[in-house]
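Q: My questions all concern the structure below.
Numbering (this note's numbering), first residue to last: 348 to 561.
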């Protein structure tokens, strides 16, 4: 993370890199004994069909938190500015299950229901996949009736001002992973792959923990 354009240009001269704008005004979450920290959310998205576009979202989502209160200083402080803490054993890892998180979130942001926030998140997913499927392969996702796909989408929420000056929570997609690691999903939700296969291959989503978004 850097504020220096010269630094960014020099980094690019070494090896290819992707540069993206830092989310400087994220929605924060209050952790007891820590304070207001950054967090990100991971959803599992099931792509059943490209044409017509058919998408499902697994009803359980996963959360990751920074370990230190957020501020726009100390840009080299990993535990303040990043949320991935599960790869270094010496770093503490804070975990909150989704059904514990929702009431805590709504208590901290009483004007915002998670259901409304999630509706905006799902709209962002639909827009993302419509863009990805807008052109035929290799420019877009191939339309092949026998194909199915599982993706993990990581996102954050940021504060954005509306035309009337009122702030709202705007989903910001961070990355999309094809065929993601599902170890945690299987560990805590034993029916996970049964739900995935019933939805994608058996056309039986009704009794599964999934939501159709398009």
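Think of the CB as a built atom: it goes at the ideal place given N, C-alpha and C, for glycine as much as any other residue.
Would DSSP call residue 391 helix, strand or coil?
A: Note: residue 391 maps to strand in three-state DSSP.
Q: When we look at the beta-carbon of residue 492 and count the other beta-carbons within 10 Å, is it buried (16 or more) or exposed?
A: Per the 10 Å Cβ criterion, exposed.
Q: Quick one: give me the first and last residue of the alpha helix (DSSP H) that residue 452 is part of.
A: Where residue 452 is concerned, the enclosing alpha helix (DSSP H) stretches over 445-455.
Q: Within the same chain, show all residues whose beta-carbon is closer than 6 Å to that of residue 415, passing over the 5 residues directly before and after it, in chain order.
A: 426, 427, listed in sequence order.
Q: Which residues in the same chain as residue 353 place their Cβ atom closer than 7 Å to its Cβ, once the five residues preceding and following it in sequence are excluded?
A: Cβ neighbours of residue 353 beyond the five flanking positions: none.
Q: Reducing DSSP to helix, strand and coil, say where residue 481 ends up.
A: In this structure, residue 481 counts as coil in the three-state DSSP scheme.
Q: Taking the alpha carbon of residue 480 as the point to measure from, which residue in 397, 532, 543, 503 has its own alpha carbon closest?
A: Measuring from the Cα of residue 480, the nearest candidate turns out to be 397.
Q: Assuming the contact rule is C-beta atoms closer than 8 Å, residue 546 and residue 552 should be a hit. Round their C-beta distance to whole Å, please.
A: About 4 Å separates the two Cβ atoms, so the contact holds.
Q: Is residue 379 helix, strand or coil by DSSP?
A: In this structure, residue 379 counts as coil in the three-state DSSP scheme.
Q: Exposed or buried, which one is residue 384 when buried takes at least 16 other CB atoms within 10 Å?
A: It is buried - the Cβ of residue 384 has at least 16 other Cβ atoms within 10 Å.
Q: Just to confirm my understanding: we take residue 483, look at its own chain, exclude 5 residues before and 5 after, and list those with CB closer than 8 Å. What are they?
A: 489, 490.
Q: Since residue 371 is in the alpha helix (DSSP H), which residue starts that stretch and which ends it?
A: From DSSP, residue 371 is part of no alpha helix (DSSP H); its letter is neither H nor E.
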